[in-house]
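Following this note's numbering, the numbering of the sequence shown begins with 7 at its first residue and continues without gaps. Beta carbons: idealized from backbone N, C-alpha and C, even for Gly. The structure displayed is predicted, hence computed values, not measured ones. Comments concern the structure below.
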Amino acid sequence: MKTVHKFNKLLYFFSGFLIGAFIVINIIGMIAGNTLYVMLNNKQQVDDLVPALANHSQNVDRIREMEAAKKWERAEVTTQDGYQLVGTYIKNPVNTDKAIIILHGLYQNRAMSMDYVPLYQKLGFNILLVDLRGHGQSGGQMTWGKKETGDIDKWMDYLKNIKNNNKIGIHGVSLGGSYALLHSGSNAPIKADFYVEDSAYDDLAHIYREKLREFFQLPRDNLVIGVLWRYCQLSMYWHTKETMADLSPIRAVVKAQAPILFLHSGADTLIPEKSLQKLYKATPSYKEYYVFPNAAHAVSISNNPEEYFAVVHKFLKNINLSN
Numbered sequence: 007m008k009t010v011h012k013f014n015k016l017l018y019f020f021s022g023f024l025i026g027a028f029i030v031i032n033i034i035g036m037i038a039g040n041t042l043y044v045m046l047n048n049k050q051q052v053d054d055l056v057p058a059l060a061n062h063s064q065n066v067d068r069i070r071e072m073e074a075a076k077k078w079e080r081a082e083v084t085t086q087d088g089y090q091l092v093g094t095y096i097k098n099p100v101n102t103d104k105a106i107i108i109l110h111g112l113y114q115n116r117a118m119s120m121d122y123v124p125l126y127q128k129l130g131f132n133i134l135l136v137d138l139r140g141h142g143q144s145g146g147q148m149t150w151g152k153k154e155t156g157d158i159d160k161w162m163d164y165l166k167n168i169k170n171n172n173k174i175g176i177h178g179v180s181l182g183g184s185y186a187l188l189h190s191g192s193n194a195p196i197k198a199d200f201y202v203e204d205s206a207y208d209d210l211a212h213i214y215r216e217k218l219r220e221f222f223q224l225p226r227d228n229l230v231i232g233v234l235w236r237y238c239q240l241s242m243y244w245h246t247k248e249t250m251a252d253l254s255p256i257r258a259v260v261k262a263q264a265p266i267l268f269l270h271s272g273a274d275t276l277i278p279e280k281s282l283q284k285l286y287k288a289t290p291s292y293k294e295y296y297v298f299p300n301a302a303h304a305v306s307i308s309n310n311p312e313e314y315f316a317v318v319h320k321f322l323k324n325i326n327l328s329n
């Protein structure tokens, strides 16, 4: 009888221990997953977490100077959730009803997009440089595409109904390229006539997993990464009510109808070239792709301006939007 009593006490002890350990592990995992999500959305901490990117999201001096010097027009729209988004509208010297929206990369602002202005001016487009939500002068917090596709719709409406443009394209770089691809598969009220994406990721989950590994300084195949990774996904869902798969461009492009030009840098170590190959293969609409062999992440326009122009020009000629 005493033996049975001791066994029951041990059983209760170990059961309590296991339940306690389970609770503690889950709390630690949830804290770790949420910490990563918050840090990836906190622009002030980007230098520690993503060393390959510089944080220029709030430095808008350059674009303000150009707006004043060139008489470029400040543009504003209000998001569905009440935030103000800011952009710069640049009218082409030649009268045209074609326009391009240029979306910048992570932790940048619309000043980054100024490198693309000469290209599209030469191609005969009016140009809209925008600050993504949570960047530059735009309000709100980034949501990795959940609300940004709706923000693009607001800018499309601005170009179509306020500025009277009839042919509208979207050119996105890095994170902006991924947002452009998410928009290509959305039920947008005003459809874009074409998309150009440069250095986009195909899978948001891959990006998050890499940042998780960097944050904890662990090897790629470490068991801890596999466990913590689950909590990171839970945190994403808690904040956005979307899974990482839902916000991955690879799922959006399968529904694309407009032509897409895929661009990438052959020496990109942040987002590998295979992302382009996966996206290109999954896209059913008219598509072209080009890889700039020696360029690093998202700098092909500055490293190879003439080549970049030629590639974009050829694509636009092929879809009858340029001569």
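Just to confirm the assignment, what range does the beta strand (DSSP E) spanning residue i have?
| i | result |
| --- | --- |
| residue 298 | 293-298 |
| residue 136 | 132-136 |
| residue 105 | 104-109 |
Going by DSSP, name the residue or residues bridged to residue i.
| i | result |
| --- | --- |
| residue 97 | Residue 97 pairs with nothing; no bridge assigned. |
| residue 81 | 93 |
| residue 268 | 203 and 295 |
| residue 179 | 204 |
| residue 173 | 104 |
What's the call for residue i, buried or exposed, on a 16-neighbour Cβ count within 10 Å?
| i | result |
| --- | --- |
| residue 254 | buried |
| residue 289 | buried |
| residue 75 | exposed |
| residue 293 | buried |
| residue 168 | exposed |
| residue 281 | buried |
| residue 51 | Here residue 51 scores only 49 on pLDDT, less than 50, and its place in the model should not be relied on; the value that follows carries that caveat. Answer is exposed; the Cβ neighbour count stays below 16. |
| residue 203 | buried |
| residue 171 | buried |
| residue 94 | buried |
| residue 88 | exposed |
| residue 207 | buried |
| residue 265 | buried |
Does the beta-carbon distance from residue i to residue j come in below 8 Å?
| i | j | result |
| --- | --- | --- |
| residue 165 | residue 174 | yes |
| residue 155 | residue 185 | yes |
| residue 306 | residue 121 | no |
| residue 187 | residue 258 | yes |
| residue 210 | residue 111 | no |
| residue 321 | residue 240 | no |
| residue 127 | residue 98 | yes |
| residue 183 | residue 205 | yes |
| residue 85 | residue 160 | yes |
| residue 327 | residue 104 | yes |
Return the first residue and the last residue of the alpha helix (DSSP H) that residue i is part of.
| i | result |
| --- | --- |
| residue 306 | 306-309 |
| residue 156 | 154-163 |
| residue 69 | 67-76 |
| residue 122 | Residue 122 -> no alpha helix (DSSP H), and no H or E assigned at all. |
| residue 143 | From DSSP, residue 143 is part of no alpha helix (DSSP H); its letter is neither H nor E. |
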